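*Asks:* Numbering (our numbering), first residue to last: 92 to 653. We treat Cβ as the ideally placed atom computed from N, Cα and C, and that holds for glycine. Predicted model only: the values in this text are computed from it and were never measured.
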């Protein structure tokens, strides 16, 4: 089945009322089946996930099918990008990896990525799990403390044999040789392998459940082939451990860009749902559609304009990330900027748009609030946004590398970016060092905001350079300025009244395009939620558990069963 036909299959088109009330185990199973269907529909080859991934990998992450079930999207991206992608780096020197990759890409084997630990999240460079080389060959994998438990990967048995890439400190003859990845069999379907202990965590709130776990290793014996890479010690240089860590965890940068791409169809979906709802929802004696109110159509139009502009930013970022000659640090920078900017703006849109649905916007069946919760996970996965932002701004201010300059240097967002960078360079000079207390107090709290300023400039440039409708770029620009209104008052001599007039003019110009923009999202088949129309709502409530005259009609099973 082709990817664009998946949404019409029984696996994706079941009763929404029944689905949101599924017991925990059944919901996880449904999400796993959906993830398998998505991955198999793209028919990934080993070559698609190499160091420079093919278009198929990026296309899967921007496919609206990934918005239908956030848990399925989680399983799919771990399988394809993190695990198969990581394995691809070792193909040339360890040919046996190809068969494992093929099994992962065909979803014959469920795969997990065990990096961060309970005691070491952003501090993963100092993780505690250790793999000790044994005299006769092979390794002893061990979690030396509770803090070394691998955090989050959904490792509990799911009826399918599973493996994990486990990152551990390699110890050879009493000497630590740096962190290395190991291929570790976890379950044979229903049974956990000897020496492995798994604790199932409670459900995350408000999003399709994933069987997130804590995973411990008690002197698990691994074969020599389990090691990915070399047993050689790291060179005796100050940055050797960090450079090694970045090299073995390189797939996280691709993941930051790929996984964040989900936010574009999520933004389109939220705008579409609220847009169509607002057109049929009527109030007052005149039965006026609420879409006529400025407070209702403004966030919808802004979200649609952002989705149009961010699609161009996505194309630019993917193109840069797949340039073989580009400095890897700049590739990582594009991924970090894309992630920080999109996740922030889409989460802000999700919050405001869900509120435009009234009480029904609070429920998972309306999708927007569950999208918000799913994207909260994306904000942390493959690099926490704040951590990525601090690292990026510190390196830019120190001049370790530079991002390409604006192609529209006179634009307001370009001036904003330059203004902030200049200001923080002066602070760095006064503080004397990027690790100073002065830098800690006056720069670190503003790193995420500064990364978003870079992202707004890059996105605007990408849209203008590709001749996107000026009504979309004008609205995008006016909305971006609202995020740092005070700077534009002081740095661009634009009063608050000037900014409000600019936004009003942009909304007026875009309003006649509302229907066209909603249609052009192509999201309609993926947005069949109860609140979409009166007909959808009636069908939904007909399926709900009902209590009447002391008699229970249907089943009432809301509590998840772990």
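Curious, which full-length beta strand (DSSP E) runs of at least 3 residues does the segment 196-279 contain?
*Replies:* Here the runs fully enclosed are 201-205, 221-224, 230-233, 251-263.
*Asks:* Which of the three DSSP states, helix, strand or coil, is assigned to residue 378?
*Replies:* Reduced to three states, the DSSP call for residue 378 is coil.
*Asks:* Cα separation between residue 622 and residue 181?
*Replies:* Looking at the two C-alpha atoms, the distance is approximately 48 Å.
*Asks:* Going along the chain, which residues of its own chain have a beta-carbon closer than 8 Å to the beta-carbon of residue 333, five neighbours each way excluded?
*Replies:* Cβ neighbours of residue 333 beyond the five flanking positions: 216.
*Asks:* Ordered along the chain, which non-local residues of its own chain (more than five positions away) have a Cβ less than 8 Å from that of residue 400?
*Replies:* The residues are 550, 551, 553, 554, 559, 563, 564, 567.
*Asks:* Identify which residue in 479, 402, 441 has its Cα closest to the Cα of residue 426.
*Replies:* Looking at the Cα atoms, 479 is the closest of the given residues.
*Asks:* For residue 308, list the residues DSSP reports as bridge partners.
*Replies:* Bridge partners of residue 308: 287.
*Asks:* Roughly how many angstroms separate the alpha carbons of residue 103 and residue 125, rounded to a whole number?
*Replies:* Cα-Cα distance, rounded: 7 Å.
*Asks:* For the alpha helix (DSSP H) that residue 639 lies in, which residues bound it at each end?
*Replies:* Not the alpha helix (DSSP H): residue 639 falls in the beta strand (DSSP E), residues 637-639.
*Asks:* By DSSP, does residue 373 sit in helix, in strand, or in coil?
*Replies:* Note: residue 373 maps to strand in three-state DSSP.
*Asks:* Taking the alpha carbon of residue 264 as the reference point, which residue from 221, 296, 311 has its own alpha carbon closest?
*Replies:* With distances taken between Cα atoms, residue 264 lies closest to 221.
*Asks:* Straight-line CA distance for residue 297 to residue 461?
*Replies:* Taking the straight line joining both Cα atoms gives about 5 Å.
*Asks:* Cutting at 6 Å between CB atoms, please list the residues of its own chain near residue 275, excluding the five before and the five after it.
*Replies:* Closer than 6 Å at the Cβ level, and outside the excluded window around residue 275, lie 255, 257.
*Asks:* Taking a contact to mean a Cβ-Cβ separation below 9 Å, would you say residue 346 touches residue 172 in this structure?
*Replies:* It is a contact, given that the beta carbons lie within the stated cut-off.
*Asks:* Pick out whichever of 530, 386, 424 has its Cα sitting closest to the Cα of residue 594.
*Replies:* Measuring from the Cα of residue 594, the nearest candidate turns out to be 386.
*Asks:* From the DSSP secondary-structure annotation, give me the bridge partner or partners of residue 313.
*Replies:* DSSP lists 230 as partners of residue 313.
*Asks:* Which value, in whole angstroms, describes the spacing of the CA atoms of residue 237 and residue 310?
*Replies:* So the two alpha carbons sit approximately 14 Å from each other.
*Asks:* Taking residue 627 as part of the alpha helix (DSSP H), name the residues at either end of that continuous run.
*Replies:* Counting along the chain, the alpha helix (DSSP H) containing residue 627 begins and ends at 625-633.
*Asks:* Touch check for the segment 481-494 and the segment 538-545: three-plus C-beta pairs under 8 Å?
*Replies:* Segments in contact, yes.
*Asks:* Between the segment 144-157 and the segment 416-430, do three or more beta carbon pairs fall short of 8 Å?
*Replies:* No, because fewer than three Cβ pairs between the segment 144-157 and the segment 416-430 fall closer than 8 Å, the two stretches do not touch.
*Asks:* How big is the Cα-Cα spacing for residue 430 and residue 141?
*Replies:* Cα to Cα, residue 430 sits roughly 21 Å from residue 141.
*Asks:* Taking residue 166 as the reference, which of 532, 201, 445, 406 has the closest Cα?
*Replies:* The shortest Cα separation from residue 166 among 532, 201, 445, 406 belongs to 201.
*Asks:* Rounded to whole angstroms, what is the Cα-Cα separation between residue 598 and residue 395?
*Replies:* For residue 598 and residue 395, the distance between alpha carbons rounds to 11 Å.
*Asks:* Based on the DSSP secondary-structure assignment, which residues constitute the bridge partners of residue 318?
*Replies:* DSSP output for residue 318 lists 273 as bridge partner(s).
*Asks:* Hey, is the segment 363-373 in contact with the segment 301-317, meaning 3+ C-beta pairs nearer than 8 Å?
*Replies:* Cβ pair count under 8 Å is below three, so no.
*Asks:* Just reading off the alpha helix (DSSP H) that residue 418 is part of, what are its end residues?
*Replies:* Run containing residue 418: none; DSSP gives neither H nor E here.
*Asks:* Between which two residues does the alpha helix (DSSP H) harbouring residue 103 extend?
*Replies:* Counting along the chain, residue 103 falls outside any alpha helix (DSSP H), and DSSP gives it neither H nor E.
*Asks:* Taking its Cβ as the centre, do 16 or more other Cβ atoms sit within 10 Å of residue 626, making it buried, or is it exposed?
*Replies:* Per the 10 Å Cβ criterion, exposed.
*Asks:* Does DSSP put residue 183 in a helix, in a strand, or in coil?
*Replies:* Of the three classes helix, strand and coil, the one that applies to residue 183 here is coil, per DSSP.
*Asks:* Quick check: the segment 197-213 against the segment 492-509, are at least 3 beta-carbon pairs closer than 8 Å?
*Replies:* Flag = no, the segment 492-509 and the segment 197-213 do not touch.
*Asks:* Is the segment 465-473 touching the segment 351-362 in the sense that three or more CB pairs, one from each, lie closer than 8 Å?
*Replies:* A contact exists between the segment 351-362 and the segment 465-473.
*Asks:* Using a Cβ distance threshold of 8 Å, determine whether the segment 275-295 contacts the segment 311-323, with at least three qualifying pairs required.
*Replies:* Yes, the segment 275-295 is in contact with the segment 311-323.
*Asks:* Can you tell me whether residue 614 is helix, strand or coil according to DSSP?
*Replies:* It is coil, neither helix nor strand.
*Asks:* Within 10 angstroms of its Cβ, does residue 534 collect 16 or more other Cβ (buried), or is it exposed?
*Replies:* Buried, since its Cβ has 16 or more Cβ neighbours within 10 Å.
*Asks:* Does residue 523 pass the burial test, meaning 16 or more other C-beta atoms within 10 Å, or should it be called exposed?
*Replies:* Classification for residue 523: exposed.
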